[in-house]
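*Asks:*
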Amino acid sequence: MVNVNAVPEAQAHYEQLYRQQYPRVMRLCRLLLGDAHEAEDVAQEVFVKLWQASQTETRAMAWEAWLTRVSVNACRDRRRSGWWKWWRAPRPTAGVDLPAVLDRYSWGSTPEEEAFSREVRGRIWRAFRELPARQQEVFALRYIEGWSTEAVADALGLSTGSVKQHLFRAVRRLCAVVGEEG
Amino acid sequence: MSRCLGDRTLWLLSEGEASREDRAHVVSCVTCASRLQRLEQTLHCLQSVLTGPPPEIALAQRRHVRRRWMASAGALAAMVMLAWFGGWWLRPPSSLPVEARQESIWPFIEGVSTALFPIVEVGFSAAPDRLSELADLQAALAGEWPCEGTEPLANMVCDDDTFALLLGEL
């Protein structure tokens with residue numbers, strides 16, 4: 017016998033997950049891809065997969081962790097296929113209200129301090145983009161998502177020792193960038 | 026006094042994973058305590074920056090890198106083309122002098138001309154030099170063709186003579 021309430025329940029659950037998790041998934045994708053448009057594409061793909069999985073999966077799932085894992089994998093796939101995107105015309109980076117963003121994350125109160133902080137933020141972002149993909153993923157999951165080392169290792173299929181190694185290398189390189197400016 | 030902690034140990038301390046001795050050292054060492062505090066501040070700074078959207082400068086830098094890459098690829102392609110055409114254009118000249126090269130070319134040109142225009146050449150070189158030939162030729166031009174009235178291909182000897190006369194072989 018078909019449970020007529022199953023579909024509306026699944027849909028309600030999906031919508032709840034979407035509302036709660038979309039900003040987080042979007043932020044993670046943007047961090048790993050460094051491009052708001054690409055991140056939006058990938059986030060949409062991830063939530064399509066979530067919808068498909070929620071239709072078929074009957075077990076109790078930790079959907080938050082599932083979303084993170086799928087997002088990291090999708091971003092990795094997107095980076096790997098980035099060679100052909102290189103030939104596409106560069107799209108404008110509109111969609112991000114840069115003055116508002118810069119004001120929000122501005123540390124200084126004087127114009128000099130604001131310019132300095134903007135410079136530092138640019139350097140930090142560039143340094144992050146220059147990290148190897150694995151170090152980016154580990155750093156994002158550990159420090160941005162706030163996962164434990166064990167959870168990161170489990171999600172990425174690595175040992176905890178390997179995660180710590182990647183994490184320490186990423187921290188050292190990023191700290192060096194901040195230290196240069198400080 | 027024990028040695029100051031290494032970077033990795035200090036980072037492990039910030040992760041809450043260092044040993045009891047290392048923690049005790051940080052409590053007693055002002056330098057390491059200061060380093061640990063700075064590391065934690067830096068990590069906090071990194072978290073707050075990377076949680077937000079990438080600033081304009083990072084995107085501009087990426088576009089700049091892309092443009093630079095394209096310019097490099099274009100320059101490389103131009104250099105390859107230049108090397109290709111330059112190598113073809115600036116080939117070392119032959120060691121023979123110009124006159125010698127012309128002399129070596131003329132027989133070839135004459136051979137080609139002979140192959141292409143044999144009749145013209147024959148026409149100029151087949152001037153009759155005997156009186157009998159001249160008489161035959163005049164007779165032919167005056168309509169007194171030696172084989173007139175006969176089928177041209179029926180009398181092969183006559184035809185041979187006629188063609189030989191025209192070709193100057195008699």
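Sequence lines, in order, name chains A and B. Quick note on numbering: the first sequence equals residues 17 to 198 in our numbering. Quick note on numbering: the second sequence equals residues 26 to 195 in our numbering. Glycine is no exception: its CB is placed at the ideal position from the N, C-alpha and C atoms.
From the DSSP output, in three-state form, read off residue 51 of chain A for me.
*Replies:* coil
*Asks:* Chain B beta carbons: is any one of them nearer than 8 angstroms to that of residue 83 of chain A?
*Replies:* no
*Asks:* Distance, Cα to Cα, residue 71 of chain A vs residue 30 of chain A?
*Replies:* 10 angstroms
*Asks:* Give me the chain B residues within the contact set of residue 26 of chain A, using Cβ-Cβ distance strictly less than 8 angstroms, ordered along the chain.
*Replies:* Within chain B, no residue comes near residue 26 of chain A; the closest Cβ sits about 31 angstroms away, beyond 8 angstroms.
*Asks:* From residue 171 of chain A to residue 165 of chain A, what does the alpha carbon distance come to, in whole angstroms?
*Replies:* Here the alpha carbons of residue 165 of chain A and residue 171 of chain A stand approximately 10 angstroms from one another.
*Asks:* Nearest to residue 153 of chain A by CA position, among A:92, A:63, A:193, is which residue?
*Replies:* A:92
*Asks:* Is there a Cβ of chain B sitting closer than 8 angstroms to that of residue 45 of chain A, yes or no?
*Replies:* no
*Asks:* Please confirm whether residue 39 of chain B and residue 64 of chain B have their CB atoms less than 8 angstroms apart.
*Replies:* yes
*Asks:* Under a CB-based cut-off of 8 angstroms, is residue 76 of chain A close to chain B?
*Replies:* no
*Asks:* Residues of chain A with CB closer than 7 angstroms to the CB of residue 67 of chain B, please, in chain order.
*Replies:* 191, 194
*Asks:* What residue does the alpha helix (DSSP H) around residue 61 of chain B start on, and which one ends it?
*Replies:* 55–76
*Asks:* Residue 155 of chain A lies in the alpha helix (DSSP H); which residues open and close that run?
*Replies:* 149–155
*Asks:* Could you check the C-alpha separation between residue 164 of chain B and residue 158 of chain B for me, to the nearest Å?
*Replies:* 10 angstroms
*Asks:* Shortest alpha-carbon distance to residue 139 of chain A belongs to which of A:192, A:180, A:97?
*Replies:* A:192
*Asks:* Which value, in whole angstroms, describes the spacing of the CA atoms of residue 158 of chain A and residue 82 of chain A?
*Replies:* 16 angstroms
*Asks:* Determine the contact status of residue 1 of chain A and residue 97 of chain A, defining contact as a CB-CB distance below 8 angstroms.
*Replies:* This structure leaves residue 1 of chain A out entirely; chain A is present only between 17 and 198.
*Asks:* So, is the C-beta of residue 154 of chain A closer than 8 angstroms to a C-beta in chain B?
*Replies:* Residue contact with chain B for residue 154 of chain A: absent (no Cβ-Cβ distance below 8 angstroms to any residue of chain B).
*Asks:* CA-CA distance, residue 32 of chain A and residue 146 of chain A?
*Replies:* The alpha-carbon atoms of residue 32 of chain A and residue 146 of chain A are separated by roughly 35 angstroms.
*Asks:* Can you say whether residue 46 of chain A is buried or exposed, counting buried as having 16 or more other CB atoms within 10 angstroms of its CB?
*Replies:* Residue 46 of chain A comes out buried.
*Asks:* According to DSSP, is residue 104 of chain B helix, strand or coil?
*Replies:* helix
*Asks:* Leaving out five residues before and five after residue 49 of chain A in sequence, what residues of the same chain have Cβ atoms less than 8 angstroms from its Cβ?
*Replies:* Around residue 49 of chain A: 55, 58, 91, 94, 95.
*Asks:* Express the C-alpha separation of residue 50 of chain B and residue 56 of chain B in angstroms, rounding to a whole number.
*Replies:* Looking at the two C-alpha atoms, the distance is approximately 10 angstroms.
*Asks:* CA-CA distance, residue 37 of chain A and residue 41 of chain B?
*Replies:* 28 angstroms
*Asks:* For residue 42 of chain A, does the count of other Cβ atoms within 10 angstroms reach 16, so buried, or fall short, so exposed?
*Replies:* buried
*Asks:* Applying a beta-carbon distance threshold of less than 8 angstroms, which residues of chain B neighbour residue 88 of chain A?
*Replies:* Against residue 88 of chain A, chain B offers no close residue; the least beta-carbon distance is about 15 angstroms (beta-carbon pairs closer than 8 angstroms).
*Asks:* Starting from residue 167 of chain A, trace the alpha helix (DSSP H) in both directions and tell me its first and last residue.
*Replies:* 165–172
*Asks:* With distances taken between CB atoms, is the gap from residue 71 of chain B to residue 35 of chain B smaller than 8 angstroms?
*Replies:* For residue 71 of chain B and residue 35 of chain B, no; Cβs fall outside 8 angstroms.
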